[in-house]
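Read through the structure below, which is laid out as structure tokens, and then see the notes.
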Amino acid sequence: MIRIFSILIGAFFSLALLLAFGTGAYSYITEPPAKTAEARFHLKPEHLDLPSNGWFGKYDKAQLQRGFKVYSEVCAACHSIKHVAFRDLKALGYNEAQVKTIAAKFTVTAKDPLTGEVKDRPGVPADRFPTVAYAGKGVPPDLSLITKARHGGGGYVHSLLTGYADPATYKNAAGEALPKENQPGDGLYFNPYFANLNLSMPAPITSEGQVTYDDGTKATVEQMSKDVSAFLVWTAEPELEKRHQTGAWWMGFLLFATVLAYMSYRNIWADKKGH
Amino acid sequence: MAHDAGTDTPAATGGEGVRRRDFINIAAVSAAGVGGLAVVYPLVSQMSASADVLAESSTEVDLSQVEPGQAIKAIFRKQPLFVRNLTPAEIAEANKVDVATLRDPQTLAERTKEGHENWLITMGVCTHLGCVPSGVAEGEVKGEFGGYFCPCHGSHYDVAARIRKGPAPKNLVVPDYEFTSDTVVKIG
Amino acid sequence: MSFPWSKEYTPSHPLMVWLDEKLPLPRLVYGAVGGGYEVPRNLNYMWNFGFLAGLCLMIQIVTGVVLAMHYGGDTKVAFDSTEHIMRDVNWGWMLRYGHANGASAFFVVVYAHIFRGFYYGSYKAPREMIWLLGVVIFLLMMATAFMGYVLPWGQMSFWGAQVITGLFSAIPLVGDPLREWLLGGFSPDNATLNRFFSLHFLLPFVILGVVILHVWALHIPGSSNPTGVEVKSESDTVPFFPYFVGKDGWTIGLFMLIYSAFVFFMPNALGHPDNYIPANPMQTPAHIVPEWYFWPFYAILRAFTVDFLIVPAKLMGVLAMFAAILVWFFLPWLDRSPVRSANYRPLYRKFFWVLVLDVAVLAYCGGAPAEEPFVMISQIASLYYFLHFFVIVPVVSSIERPDPLPYSITEAVLGTDESAKLDGNG
Numbered sequence: 002m003i004r005i006f007s008i009l010i011g012a013f014f015s016l017a018l019l020l021a022f023g024t025g026a027y028s029y030i031t032e033p034p035a036k037t038a039e040a041r042f043h044l045k046p047e048h049l050d051l052p053s054n055g056w057f058g059k060y061d062k063a064q065l066q067r068g069f070k071v072y073s074e075v076c077a078a079c080h081s082i083k084h085v086a087f088r089d090l091k092a093l094g095y096n097e098a099q100v101k102t103i104a105a106k107f108t109v110t111a112k113d114p115l116t117g118e119v120k121d122r123p124g125v126p127a128d129r130f131p132t133v134a135y136a137g138k139g140v141p142p143d144l145s146l147i148t149k150a151r152h153g154g155g156g157y158v159h160s161l162l163t164g165y166a167d168p169a170t171y172k173n174a175a176g177e178a179l180p181k182e183n184q185p186g187d188g189l190y191f192n193p194y195f196a197n198l199n200l201s202m203p204a205p206i207t208s209e210g211q212v213t214y215d216d217g218t219k220a221t222v223e224q225m226s227k228d229v230s231a232f233l234v235w236t237a238e239p240e241l242e243k244r245h246q247t248g249a250w251w252m253g254f255l256l257f258a259t260v261l262a263y264m265s266y267r268n269i270w271a272d273k274k275g276h
Numbered sequence: 102m103a104h105d106a107g108t109d110t111p112a113a114t115g116g117e118g119v120r121r122r123d124f125i126n127i128a129a130v131s132a133a134g135v136g137g138l139a140v141v142y143p144l145v146s147q148m149s150a151s152a153d154v155l156a157e158s159s160t161e162v163d164l165s166q167v168e169p170g171q172a173i174k175a176i177f178r179k180q181p182l183f184v185r186n187l188t189p190a191e192i193a194e195a196n197k198v199d200v201a202t203l204r205d206p207q208t209l210a211e212r213t214k215e216g217h218e219n220w221l222i223t224m225g226v227c228t229h230l231g232c233v234p235s236g237v238a239e240g241e242v243k244g245e246f247g248g249y250f251c252p253c254h255g256s257h258y259d260v261a262a263r264i265r266k267g268p269a270p271k272n273l274v275v276p277d278y279e280f281t282s283d284t285v286v287k288i289g
Numbered sequence: 036m037s038f039p040w041s042k043e044y045t046p047s048h049p050l051m052v053w054l055d056e057k058l059p060l061p062r063l064v065y066g067a068v069g070g071g072y073e074v075p076r077n078l079n080y081m082w083n084f085g086f087l088a089g090l091c092l093m094i095q096i097v098t099g100v101v102l103a104m105h106y107g108g109d110t111k112v113a114f115d116s117t118e119h120i121m122r123d124v125n126w127g128w129m130l131r132y133g134h135a136n137g138a139s140a141f142f143v144v145v146y147a148h149i150f151r152g153f154y155y156g157s158y159k160a161p162r163e164m165i166w167l168l169g170v171v172i173f174l175l176m177m178a179t180a181f182m183g184y185v186l187p188w189g190q191m192s193f194w195g196a197q198v199i200t201g202l203f204s205a206i207p208l209v210g211d212p213l214r215e216w217l218l219g220g221f222s223p224d225n226a227t228l229n230r231f232f233s234l235h236f237l238l239p240f241v242i243l244g245v246v247i248l249h250v251w252a253l254h255i256p257g258s259s260n261p262t263g264v265e266v267k268s269e270s271d272t273v274p275f276f277p278y279f280v281g282k283d284g285w286t287i288g289l290f291m292l293i294y295s296a297f298v299f300f301m302p303n304a305l306g307h308p309d310n311y312i313p314a315n316p317m318q319t320p321a322h323i324v325p326e327w328y329f330w331p332f333y334a335i336l337r338a339f340t341v342d343f344l345i346v347p348a349k350l351m352g353v354l355a356m357f358a359a360i361l362v363w364f365f366l367p368w369l370d371r372s373p374v375r376s377a378n379y380r381p382l383y384r385k386f387f388w389v390l391v392l393d394v395a396v397l398a399y400c401g402g403a404p405a406e407e408p409f410v411m412i413s414q415i416a417s418l419y420y421f422l423h424f425f426v427i428v429p430v431v432s433s434i435e436r437p438d439p440l441p442y443s444i445t446e447a448v449l450g451t452d453e454s455a456k457l458d459g460n461g
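Protein chains in written order, with the working numbering: chain A, 2 to 276; chain H, 102 to 289; chain W, 36 to 461.
See the structure below:
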């Protein structure tokens, strides 16, 4: 009895699926879905070689400091990094006094714990980076987690920063020009690495020497883009170095313990034939 | 059925083999124990103060606005902190007291830093049951000894914030602090 | 199972004798996972996943309880408190990554455990109750995992809650009020997040309770085994301790190695980047997908694109998705083959491997965007899924001629069994 019911129910779902498949296949053949312009022109982010990549990756502090400088002078006007605290900057190699100086440059709006009054005061190391008031077009996202929030991570940031192109002359890999309806509208800028091809942010890093590096590194557009991408990988994963180190020790121990446990297992079963 | 591996192996190969096998089993169990302990450590450690809490474990207080005879409240580790600029008259009054008669014998000098005897910095937490005593702001009740008065159970503190009357067992606590300059003090 | 040759717990120390009279907990342990529990000697590594699933549940409960000490179940703070855990709490990143990847590990292990059951006919008499409780555990796990994914209140959390609770609105008449009741509002908001947090904390303990029943039910007939032939004599079994403690023990090490590789070196590999964007009720992500372990069922849900008879497409999808799991409840009665193990069922074995491939295809399509050709592929794959459980399993079990079974487990392992000759069947 139950088997007859089962076969009937199976037939019910199967027929519905066949119908759905037939309908889908028919329209697939009669009106093949056209690839959208986004699908034809959107590019996957390029891989970016960073010292923090890989299982044993570590941050390059000098690079992070350069990246922080690019962030401060270029990105910070519109984008916050509100999950990062000033005290975290010690991980970039700054000392207590330098962190204090950096923090004091920012204005933090906070409740006075004694009076309960909300007012502005200079930042202290314990504060987080303040949010940025932005009045222009678009919504600049907070960048603390940006490299974890996009496919491609640091590579995405780097590709986006260096990927701006002239929509009038741009050709994709198939040699097609950007269709009219996908041309950037007013206040939009074309970038094939952006999901819907046009974004409100104009190319932020445009000329060599836009930032003057303290360590004398030549500030090319490529260098600045790469450094700020490295910095944003750090803001998203400040725990990365500790995670890799702990992981390496732990995996080493586990390997040792597992081999021992395997030998012990073989021991226990040694008197059993056929195993 | 040979349940206990090894015991019934022939004597010729026994001896050493048994010992080696036992050793491996013991080593494997020990390794599992070590692994278990390693896992417990972060589980215990996560309960202690997190980085953002620790970052607020020291506070800087600017003393430049506090005139002699005035006091201010500040916040130290989410608790009130009293900073008082003593007048010479108050210092003299505090030093006049016979320390031996006090419940918690301390001189004013022991409760201040050398060279900054006029700065009395204490926690604003009554040592009885943790209320915040009054007496900081202008016009607040200062108690019978001109220092602080805890309204909860009536503890009176003198100008050196020493307990003089009422249920509190100890003087108001002096936290660790240091002068980073003449007008800035770092607490904690 | 307690066989005539199972050893009995005999405390020797006076303290243990005293304890045995007052609270025979050591006796219980001895009989459950100790020397008193006799287990078929021929269990292969597929039988390790039950123990590992128990380990995963413990990992999830321990890391989860600890994370709840730092998490705030309020839409205003949920995302930030999660970041607070990642950045400021001592070892917080490890606990959170451990919990997130622990969920994936739990599903990997449980899927292996379930498919072991499909292959070796573990659901068959006398083990139906173990199987039924197992399906209950799986359903509870799915509910728990879904609600847990909502807690960080990222984009995928929010839109996952929106879409999955939207399933309930497909139910005729009561659908919309039911959804409103589930959400505590008209869209996922604070009330939703708070109740999901509460239930996400509660359900694992319910799972633990059902797991205890599952293991209890297991100890009545005892473990099944790769031959599917029941235990006949003492030479067919070995005591759980030390034999299977040793075997499970070393595979725990192996499991921990793989799990730790994810936690420490690729913690976000199984997650979706969009969940690092705070929830935004005004903007749907371009491509909503659940976590990978829901992909096969998500593909089935999306495969029903047209109305059928009087049933609208949306309801069809929901019915099909639930039917795809609920059919497992009936498996012990749909499969009437007297032979348990697919090792001796040549026809069923072929269909089993097609099912494995089919579920893999469904998973792939469930994770892909809802575009052609993925929808058409998932329609064909869903078709096979339904045919497999509703039609092929009952029909094959009636018409199939199984291969000859070994006389006993001992014979299967050693090639001969002395007791078989005495029996005259050898």
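Cβ coordinates follow ideal geometry from the N, Cα and C atoms, glycine included.
None of the values given here were measured: they were computed from a predicted structure.
Per DSSP, reduced to three states, the secondary structure at Gln318(W) is coil, with no helix or strand assignment.
Annotation for Ala210(H): Glu218 place their beta carbon closer than 7 Å to its own, counting only its chain and skipping 5 residues before and after. Burial state of Ala220(A) is buried, judged by a 10 Å Cβ sphere holding 16 or more other Cβ atoms. Between Met148(H) and Val100(W), the alpha-carbon positions lie close to 12 Å from each other. Distance between Ala226(W) and Leu238(W), taken at the CA atoms: about 18 Å.
Under DSSP, Ser256(H) shares a beta bridge with Cys251(H). For Leu449(W), at least one C-beta of chain A is nearer than 8 Å to its own C-beta.
Boundaries of the beta strand (DSSP E) harbouring Met224(H): Trp220 to Met224, taken from the DSSP string.
Scanning the region 154-233 of chain H for uninterrupted beta strand (DSSP E) segments of 3 residues or longer gives 160-163, 172-177, 180-186 and 220-224, listed from N- to C-terminal end.
Taking 8 Å as the CB threshold, Leu130(W) lines the interface with chain H. What Asp153(H) touches in chain A, judged by beta-carbon distance under 8 Å, is Ala86 and Ala127, going in chain order. Counting the other Cβ atoms within 10 Å of the Cβ of Glu238(A) gives 16 or more, which makes it buried.
About 7 Å separates the CB atoms of Gly281(W) and Trp270(A); that is less than 8 Å, so the two are in contact. About 18 Å separates the beta carbons of Val324(W) and Asn136(W), which is beyond the 8 Å limit, so they are not a contact pair. Within the same chain, Leu65, Gly68, Phe69 and Tyr72 come within 6 Å of Phe232(A) by CB-CB distance, once the 5 residues on both sides are set aside.
If the five residues before and after Ala398(W) are omitted, its C-beta is found closer than 8 Å to the C-beta atoms of Trp327, Trp330, Pro331 and Ala334, all from its own chain and listed in chain order. The beta carbon of Gln171(H) is closer than 7 Å to those of Asn186 in its chain, skipping five residues each way along the sequence.
With fewer than 16 other beta carbons inside 10 angstroms of its own, Ser28(A) counts as exposed. Residues are counted here when their Cβ sits less than 8 Å from a Cβ of chain H; for the region 113-142 of chain W these are His119, Arg122, Asp123, Val124, Asn125, Trp126, Gly127, Met129 and Leu130, given in chain order. Counting only residues of its own chain and dropping the five nearest sequence neighbours on each side, Leu87(W) has a CB closer than 6 Å to the CB of Val144 and Phe290. Close partners of Val101(W) in chain H (Cβ separation under 7 Å): Leu144 and Gln147. Within the region 20-31 of chain A, Leu20, Ala21, Phe22, Thr24, Gly25, Ala26 and Tyr29 place their CB atoms closer than 7 Å to a CB of chain W, listed in sequence order. Think of a sphere of 9 Å around the beta carbon of His245(A): the chain W residues whose beta carbon falls inside it are Phe299 and Phe300, in chain order.
For Glu215(W), the uninterrupted alpha helix (DSSP H) run begins and ends at Gly210 to Leu218, by DSSP. With contacts defined by Cβ atoms closer than 8 Å, Ala156(H) and Ala38(A) do not form a contacting pair. Three or more Cβ pairs closer than 8 Å define a contact, and the region 41-48 of chain W falls short of that threshold against the region 241-249 of chain W. The way I'd put it, the region 74-86 of chain W doesn't touch the region 105-122 of chain W; fewer than three beta-carbon pairs between them come closer than 8 Å. Of all residues in the region 261-274 of chain A, only Leu261, Ala262, Met264, Ser265, Asn268, Ile269, Ala271 and Asp272 place a beta-carbon less than 7 Å from a beta-carbon of chain H. Contact annotation: the region 253-267 of chain H does not touch the region 127-140 of chain H, with fewer than three C-beta pairs closer than 8 Å. Sorting Thr208(H), Thr202(H) and Thr188(H) by C-alpha distance to the C-alpha of Asn196(H) places Thr208(H) at the top. Put simply, of Cys79(A), Asp121(A) and Thr213(A) the residue whose alpha carbon is nearest the alpha carbon of Ala136(A) is Cys79(A). Pro277(W) reaches chain A at Ile269, counting residues in chain order whose Cβ is nearer than 8 Å. The criterion of a C-beta distance shorter than 8 Å is not satisfied by Ser226(A) and His152(A). Uninterrupted beta strand (DSSP E) stretches at least 3 residues long and entirely within the region 40-112 of chain W occur at 73-75, given in chain order.
Against Ser53(A), chain W offers no close residue; the least beta-carbon distance is about 12 Å (beta-carbon pairs closer than 7 Å). In summary, Ala35(A) is exposed, with fewer than 16 beta-carbon neighbours lying within 10 Å of its beta-carbon over all protein chains present.
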